[in-house]
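See structure below.
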Amino acid sequence: MKNFKIKISDEVENALRDRRPVVALESTIFSHLGLPSPSNFEALTRCTNAIRRLNAVPAITVVLDGVARVGVDESEWPKICGPATKVGERELGLALAQGLEVGATTVSSSLLLAARAGIRVFSTGGIGGVHRGAEVSGDISSDLGAIASHNVVTVCAGAKSFLDLPRTLEYLETLSVPVIGFGCDYFPEFTVHQGEIPIPARVETIKELADVVRANESLGRTGGILTCVPVPENDGLFKLFMDDVTEMAIKDAAAKGVTGSAVTPHILKFIAFATQEASVKANLSLAENNANIAAQLAVELTG
Ligand code: PSU
Ligand code: MN
20 MKNFKIKISD EVENALRDRR PVVALESTIF SHLGLPSPSN FEALTRCTNA IRRLNAVPAI
80 TVVLDGVARV GVDESEWPKI CGPATKVGER ELGLALAQGL EVGATTVSSS LLLAARAGIR
140 VFSTGGIGGV HRGAEVSGDI SSDLGAIASH NVVTVCAGAK SFLDLPRTLE YLETLSVPVI
200 GFGCDYFPEF TVHQGEIPIP ARVETIKELA DVVRANESLG RTGGILTCVP VPENDGLFKL
260 FMDDVTEMAI KDAAAKGVTG SAVTPHILKF IAFATQEASV KANLSLAENN ANIAAQLAVE
320 LTG
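Residue numbering for the sequence shown follows the numbering used here, starting at 20 and increasing by one per position.
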């Protein structure tokens, strides 16, 4: 009989036991599904450094050789940065049962693993959401349900801009997820700094954000909180330009008959190519920035 226990690294386990700050990270963004090589390796380095700089511990989630992992050794990074199978929350059990070699965890599966390990803060790039045309395709990312159901704070740069952002926000409201702008009162649009869709709440400081987390806990709420941080202004891309590229990317995916979980990687790749990797540079910057904010929050919550 197989042993399906989640494997938490010694470093992460010790930090959690000693109540030191830990930040969970997904692995899809660092795999070839999220970013082209060698930018994915750079992203991993910059995100983990941003967390360590604040004396917090990064906990990368991934499936390796059929084992769900929380926290990996640097010697295992090449496996994460190589070819991988995308594993959302519903695929996680299958990946373990079938001994998947490299399973890149998305936001949804990472949140499950973080919650089980007792990690309170998770950092990513842009979350999945309601796709444009979802009224026909029905494509709504399982990220949203996972954010609602797991007791972890997600730090992100909003939802990927090729999604239907107003419907994504509506859906988060339906799921009763608090959506907080960190220093912004609009829903950030991933690689674009300035958004145009208002979000209901705004905080200015990490202390204020931590108060929101603690207040929700005091109410016995056990779902997640979504913290939205705009991409650093200097690295953001122009909205009109990105709107055009995004439209082309969506059309390309539709013309090629790309559906389901392949849509997001396909569109990310198209946009990277069409922007000559300017989108990649912005993606790296926002991922690092989110990791920094997440680490600050983790520090505050353990203080
Ligand atoms: N944002 C990125 N790169 C990514 C993703 C999001 O900048 O690779 C991934 C995340 O892992 C997210 C997933 O959870 O895409 C959502 O996929 P889908 O829309 O198929 O649920
Ligand atoms: Mn989908």
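Even glycine gets a Cβ: it sits at the ideal position worked out from N, Cα and C.
Classify residue i as buried or exposed, calling it buried when 16 or more other Cβ atoms lie within 10 Å of its own Cβ.
i	result
L238	exposed
E266	exposed
L259	exposed
D183	buried
D158	buried
T193	exposed
G224	Gly is not the amino acid found at residue 224; the sequence shown has Thr there. So T224 counts as exposed.
T283	buried
R109	exposed
D162	buried
Closer than 6 Å: is that where the CB of residue i sits relative to any heavy atom of the ligand MN?
i	result
D162	no
D158	yes
Secondary structure at residue i, three-state DSSP: helix, strand or coil?
i	result
R221	strand
C203	coil
H212	coil
S50	coil
T124	strand
T373	The structure shown does not extend to residue 373, since the chain spans only 20 to 322, so no value can be given for it.
I244	strand
R88	strand
H285	helix
G157	coil
Cβ of residue i within 6 Å of any heavy atom in the ligand PSU?
i	result
V149	no
S280	yes
I48	yes
V299	no
E45	yes
V126	yes
G177	no
G90	no
T265	no
G101	no
How many whole angstroms separate the CB atoms of residue i and residue j, which I take to be in contact at a CB cut-off of 8 Å?
i	j	result
T173	L245	5 Å
K98	L111	Rounded, the Cβ-Cβ distance is 17 Å, inconsistent with contact.
Segment contact, 8 Å Cβ cut-off, at least three pairs: the stretch 148-156 with the stretch 112-132: Judged by Cβ distances under 8 Å, the stretch 148-156 makes no contact with the stretch 112-132, as fewer than three pairs qualify.
Are the stretch 183-194 and the stretch 266-276 touching by the rule of at least three beta carbon pairs closer than 8 Å? As far as the Cβ criterion goes, the stretch 183-194 does not touch the stretch 266-276, which means the pair count is below three.
Is the stretch 65-80 touching the stretch 159-179, taking contact as three or more C-beta pairs under 8 Å? Because the criterion of three Cβ pairs below 8 Å is not met, the stretch 65-80 and the stretch 159-179 do not touch.
Give a yes or no on contact between the stretch 50-63 and the stretch 26-40, applying the rule of three or more CB pairs nearer than 8 Å. No, the stretch 50-63 does not touch the stretch 26-40.
Is the stretch 205-224 in contact with the stretch 174-181, if contact means three or more CB pairs nearer than 8 Å? Proximity of the stretch 205-224 to the stretch 174-181 meets the contact definition, three or more beta-carbon pairs being nearer than 8 Å.
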